[in-house]
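Okay, structure first, notes after.
2 protein chains.
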Amino acid sequence: MFSETVAHRDHGKLPVASIFPASQNKGFERGSLRRVEAREHVFCEGDPRTHVFRVEDGVIALSKLLSDGRRQIIDFAYPGDYIGLGVLPDHVFDAQATCSAKIRCLSTTALEHEAASDASLALKLYKAVSAELVAARSLLVSVGQKTAMERVAAFLVNLHARNVNGDTERDVVKLPMRRSDIGDMLGLTIETVSRTITKLRTMHVIDVINGTEVHVLRTERLKELAGE
Amino acid sequence: MFSETVAHRDHGKLPVASIFPASQNKGFERGSLRRVEAREHVFCEGDPRTHVFRVEDGVIALSKLLSDGRRQIIDFAYPGDYIGLGVLPDHVFDAQATCSAKIRCLSTTALEHEAASDASLALKLYKAVSAELVAARSLLVSVGQKTAMERVAAFLVNLHARNVNGDTERDVVKLPMRRSDIGDMLGLTIETVSRTITKLRTMHVIDVINGTEVHVLRTERLKELAGE
DNA sequence: CGGACCGTTGACTCTTGTCAAAGCCAGTGG
DNA sequence: CCACTGGCTTTGACAAGAGTCAACGGTCCG
Chain G
1 MFSETVAHRD HGKLPVASIF PASQNKGFER GSLRRVEARE HVFCEGDPRT
51 HVFRVEDGVI ALSKLLSDGR RQIIDFAYPG DYIGLGVLPD HVFDAQATCS
101 AKIRCLSTTA LEHEAASDAS LALKLYKAVS AELVAARSLL VSVGQKTAME
151 RVAAFLVNLH ARNVNGDTER DVVKLPMRRS DIGDMLGLTI ETVSRTITKL
201 RTMHVIDVIN GTEVHVLRTE RLKELAGE
Chain F
229 MFSETVAHRD HGKLPVASIF PASQNKGFER GSLRRVEARE HVFCEGDPRT
279 HVFRVEDGVI ALSKLLSDGR RQIIDFAYPG DYIGLGVLPD HVFDAQATCS
329 AKIRCLSTTA LEHEAASDAS LALKLYKAVS AELVAARSLL VSVGQKTAME
379 RVAAFLVNLH ARNVNGDTER DVVKLPMRRS DIGDMLGLTI ETVSRTITKL
429 RTMHVIDVIN GTEVHVLRTE RLKELAGE
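Chains G and F, in that order, are what the protein sequence lines are.
Each residue of the first sequence is one higher than the last, beginning at 1 in the numbering used here.
Each residue of the second sequence is one higher than the last, beginning at 229 in the numbering used here.
Okay, structure coming up:
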């Protein structure tokens, strides 16, 4: 069913920043590593929330589905990000790899048990979720108020700011997801996403290689187009 | 003429809340009460985050502005809700009363100092922010994927579920905000909001008294229209 | 080579936005 | 008491941005 695609072997150093205190971790750092193929689900909405995951490699799309199949991607989780935090017993969204990925699995019960007596850990959870909240609201502003051009530009600026490539190729933004993923995140169709990217190309603001690698030619112009 | 047009961003007049000793502060219990007139700002984006507030009465709209004036309301805070939680030193959105309101002011520094050594308080913060995150993502799904009718219906269902009126008048939903506030939350214009509400009336799903009091006539139908 | 999948492009449709005018209600002042 | 004013909502006519449907093209892989 899932064909074996060739693994990325080139993943560089992983972000060390962890919400789990190294000094007193009860094995949190060593949760089992799991490989997830492109399009494979890590978990679905409604699944019991037995684990929290840290993305080690690849990208995980977090999404919610309507009954008729419409999908809203609420976040992309990149290496170093945690997914599945929260206080509810079940997951409230789907998590699905957009490309081949690796994730570390961490026990929810152990985490919560630890947090109940460790204020600094609880505060780290607080901060992690607060950061997610800021991101969600930022996306909400895009989707609620911006034009297609502004949304796509803001999306690219956002990816650009993450600087996933490290210092080399500062102005190259990889798009490790399909047009449909971008569209489902921005509340646009794949056709509109495609047309908008084409327009950015004709405006010489970006260049696109193989449809997946965006070269930002005019950063400031792109930021202007992102609409504040 | 002393009507409520006090306040375009008059946060310079923000009264300083009294700071209760941290030792007595079980996090959320104390703080001075402040009255906020309709349209008055509690704080603005960029203001130093010196206080967290609990809504005691009325409704506070939390919003973000684009440079050209477009506004996205990211949440309505009702009595019992907290506003201004987070980890950043400054506020990242505006908070503005949609109608006359009362709020309790709580010192940020006292709260954070307390939370640093009290895991249960820190966990409460974690849970409060997690709940905000769930709400923000739910709104994101509406704005990103739903039609105008579905958004308005979902908005009404959401208010209906809060059951602000207590047990009496279970199917009456007060709208203590303007059409422009609803529109800015749902990513619609006031005209579209108005037309959609009119359509719901002609469908006999709701009835509207004085434009501000919605009687839900067919709850199930309204939920269907909300699109899952 | 052929098929599956994805992205691009074009023609056309339609929901929602824009602009404009009228209605409604509350508060005010003659 | 009633006309006037201002803020907000409703309604209508029209425009436009994004969606829909369809065809084509490129790439990967068996």
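Using N, Cα and C, we set each Cβ at its ideal position, and we do this for glycine too.
- Which residues in the same chain have their Cβ closer than 7 Å to the Cβ of Leu-313(F), if we skip the five residues on either side of it in sequence? Numbered from its first residue, the second sequence carries residue 313(F) at position 85. Cβ within range, chain order: Val-280, Leu-353, Ala-356 and Val-357.
- Task: Excluding the 5 residues preceding and the 5 following Arg-35(G) in the sequence, name in chain order all residues of the same chain whose CB lies nearer than 6 Å to its CB.
- Result: Walking along the first sequence from the start, residue 35(G) turns up at place 35. Lys-102.
- Asp-57(G) versus Asn-391(F) - alpha carbon distance: The residue given as residue 57(G) occupies position 57 in the first sequence. The residue given as residue 391(F) occupies position 163 in the second sequence. A direct Cα-to-Cα measurement between Asp-57(G) and Asn-391(F) gives close to 45 Å.
- Task: Note down the Cα distance separating Glu-452(F) from Val-433(F), rounded to an integer number of angstroms.
- Result: Within the second sequence, the letter at position 224 stands for residue 452(F). Within the second sequence, the letter at position 205 stands for residue 433(F). The straight-line gap from Cα to Cα measures roughly 11 Å.
- Query: If you draw a straight line from the C-alpha of Glu-45(G) to the C-alpha of Thr-337(F), how long is it?
  - Reply: The count along the first sequence starts at 1 and reaches residue 45(G) at position 45. The count along the second sequence starts at 1 and reaches residue 337(F) at position 109. Take the alpha-carbon of Glu-45(G) and the one of Thr-337(F): they are about 37 Å apart.
- If you check the beta carbons only, do Gly-187(G) and Val-371(F) fall under 8 Å apart? The count along the first sequence starts at 1 and reaches residue 187(G) at position 187. The count along the second sequence starts at 1 and reaches residue 371(F) at position 143. Yes, they are a contact pair.
- On the DSSP bridge assignment, give the partners of Asp-68(G) in chain order. For the purposes of this step, residue 68(G) is identified with residue 68 of the first sequence, where counting begins at 1. None; Asp-68(G) has no bridge partner.
- Would you kindly work out how many angstroms separate the C-alpha atoms of Asp-399(F) and Ala-454(F), rounded to a whole number? The sequence position of residue 399(F) within the second sequence is 171, counting from 1. The sequence position of residue 454(F) within the second sequence is 226, counting from 1. C-alpha separation (whole angstroms): 16 Å.
- Every unbroken alpha helix (DSSP H) within the stretch 322-347 of chain F, with a cutoff of 4 residues, ordered by chain: The stretch 322-347 of chain F contains these whole alpha helix (DSSP H) runs: 336-345.
- Does the Cβ of Asp-68(G) have 16 or more other Cβ atoms within 10 Å, making it buried, or fewer, making it exposed? Counting from one through the first sequence, the residue named residue 68(G) turns up at place 68. Classified as exposed, Asp-68(G) has fewer than 16 neighbouring CB atoms from the shown chains inside 10 Å of its CB.
- Contact list for Ser-67(G) against chain F, beta-carbon separation under 7 Å: Position 67 of the first sequence, counted from the start, is the residue given in the question as residue 67(G). Contact note: Ser-67(G) reaches chain F through Glu-456, using a C-beta cutoff of 7 Å and chain order.
- Message: List, in chain order, every chain F residue whose beta-carbon is nearer than 8 Å to that of Glu-132(G).
- Response: By one-based count along the first sequence, residue 132(G) stands at place 132. Neighbours of Glu-132(G) across chain F, judged by C-beta separation under 8 Å: Leu-361.
- Task: Kindly identify the DSSP beta-bridge partner or partners of His-443(F).
- Result: Against the second sequence, residue 443(F) aligns to sequence position 215. Looking at the DSSP assignment, His-443(F) forms a beta bridge with Val-400(F) and Asp-435(F).
- Message: 8 Å is my cut-off, CB to CB: does Leu-453(F) come that close to chain G?
- Response: Your numbering for residue 453(F) matches position 225 in the second sequence. So, not an interface residue.
- Query: By DSSP, does Val-362(F) sit in helix, in strand, or in coil?
  - Reply: Walking along the second sequence from the start, residue 362(F) turns up at place 134. Val-362(F) carries a helical assignment under DSSP once its states are collapsed to helix, strand and coil.
- Task: Rank Ile-209(G), Val-157(G) and Val-92(G) by C-alpha distance to the C-alpha of Pro-48(G) and give the top, closest one.
- Result: Here residue 48(G) is taken as the residue at index 48 of the first sequence, counted from 1. Taking only the C-alpha atoms, the option nearest Pro-48(G) is Val-92(G).
- Task: Compare the C-beta of Lys-330(F) with all C-beta atoms of chain G and state if any pair is closer than 8 Å.
- Result: Looking up residue 330(F) in the second sequence gives position 102. Not one chain G Cβ lies under 8 Å of Lys-330(F).
- Delimiting residues of the beta strand (DSSP E) encompassing His-388(F): The sequence position of residue 388(F) within the second sequence is 160, counting from 1. Per DSSP, His-388(F) lies in no beta strand (DSSP E) segment; the continuous alpha helix (DSSP H) that holds it begins and ends at 376-390.
- 8 Å Cβ shell around Glu-378(F) - same chain, five flanking residues per side excluded: Mapped onto the second sequence, residue 378(F) falls at position 150. So the qualifying residues of the chain are Ser-370, Leu-453, Ala-454 and Gly-455.
- How would you call Pro-317(F), buried or exposed, if buried means at least 16 neighbouring beta carbons within 10 angstroms? Against the second sequence, residue 317(F) aligns to sequence position 89. Classification for Pro-317(F): exposed.
- Message: Do Thr-326(F) and Met-405(F) have their beta-carbon atoms positioned less than 8 Å apart in this structure?
- Response: One-based indexing of the second sequence puts residue 405(F) at position 177. One-based indexing of the second sequence puts residue 326(F) at position 98. Going by C-beta atoms, Met-405(F) is nearer than 8 Å to Thr-326(F).
- Under the three-state DSSP convention, the category Glu-228(G) falls into: By one-based count along the first sequence, residue 228(G) stands at place 228. Residue state, collapsed to three classes: coil.
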